[in-house]
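Count along the sequence shown from 1, add 126, and you get the number used in this note's numbering. Inspection log for the structure reproduced underneath, given as structure tokens.
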Amino acid sequence: MAPGQPTAVQERALKAGVDLERLPRHMAVIMDGNGRWATQNGQHRLVGHREGYLALKRNLQTAQELGIGYLTVYGFSVENWRRPETEVAGLMTLIEEAARTELRGLIENNVRVLVAGRLHELPTSLQEALSDLMESTSQNSGIVFTLAINYGGRAEIVDAVKALIAEGHGASAVTEEAISARLYRPELPEPDLMVRTAGEMRWSNYLLWQSAYTELFVTERAWPDFGEPELFEAVLAYQARYRKFGGL
Ligand code: FPP
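Here is the structure:
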């Protein structure tokens, strides 16, 4: 827990029964259900994604004020290119606009931004906006926010092995440590808690390598409706688990 006075979010978390000494250090999120949220509200799917972005802003702030160190979200998967062209273009535009609009606020709020994925396949202007965001926030010391974009867990493992081979290593160099060190963001600790919204009980190719011992929390809520009470619920569920890491 951060020294000094508890934040307003921490006060509310304490009232909800959260143990601030045992927060997940790294929380990963599959922000699912934007499309269903939109359909249920009689809106276009892209309106759902925009609501999803606003939910992300709120939850990033809540996570930061609660004292979570790392938040990693699934913004666009390597499989998402299969969606209709208009939706793909809409998502790319939304993420680029968000990257540019949020830059100042993220710097001021001490958020450090990282991205993970096959970035070179993204539109050039989006690559630039993301690089700018990473560079401008690289000295920040608060929560580390990682956007997984054009990301796939299998692709990441393949890319790590390719990196090993490109460095001239042979089979004897292929160890768990060597692969871990060549993931897109080797500096991140492994996620303690994985939250998935909108009810699906799947991993969907997200952080496969890193999630070997991650606790999963699934809520029926769609991502645009995921807020502070749901975040507390996820942390409480995590704190009720007994993590054995394969031991007894
Ligand atoms: C899954 O919902 C969501 C996505 C594929 C995109 C997630 C993107 C956002 C929340 C916007 C991100 C914005 C920034 C700035 C990072 P879905 O479309 O699969 O929903 P459905 O399963 O109900 O159709």
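Beta carbons: idealized from backbone N, C-alpha and C, even for Gly.
With a threshold of 7 Å, the Cβ atom of TYR339 does not count as near the ligand FPP, since no heavy atom of the ligand is closer than that.
Remark: the C-beta of TYR179 is in contact range of the ligand FPP, defined as less than 7 Å to any heavy atom.
The criterion of a C-beta distance shorter than 8 Å is satisfied by ASN266 and ILE233.
Exclusion of HIS295 from the 7 Å shell around the ligand FPP follows from its C-beta lying no nearer than that to any non-hydrogen atom of the ligand. Placement of the Cβ of LEU273 at a distance of less than 7 Å from at least one heavy atom of the ligand FPP is found.
Note that the C-beta distance between THR340 and GLU316 is below 8 Å.
Beta-bridge pairing by DSSP links MET218 to no other residue.
Taking the Cα of ALA142 as reference, the smallest distance to any Cα among LEU362, PHE371, ARG244, ARG369 is reached at LEU362. If the five residues before and after GLY201 are omitted, its C-beta is found closer than 7 Å to the C-beta atoms of ILE221, LEU273, ALA274, ILE275, all from its own chain and listed in chain order.
In the DSSP assignment, PHE352 is bridged to no other residue. Under the three-state reduction of DSSP output, GLY373 falls in the coil class, being neither helix nor strand. Contact between VAL287 and ILE305 holds, since their C-beta atoms are separated by about 7 Å, short of 8 Å. In terms of Cα proximity to LEU334, the closest of ALA154, LEU240, ARG138, GLU254 is ALA154.
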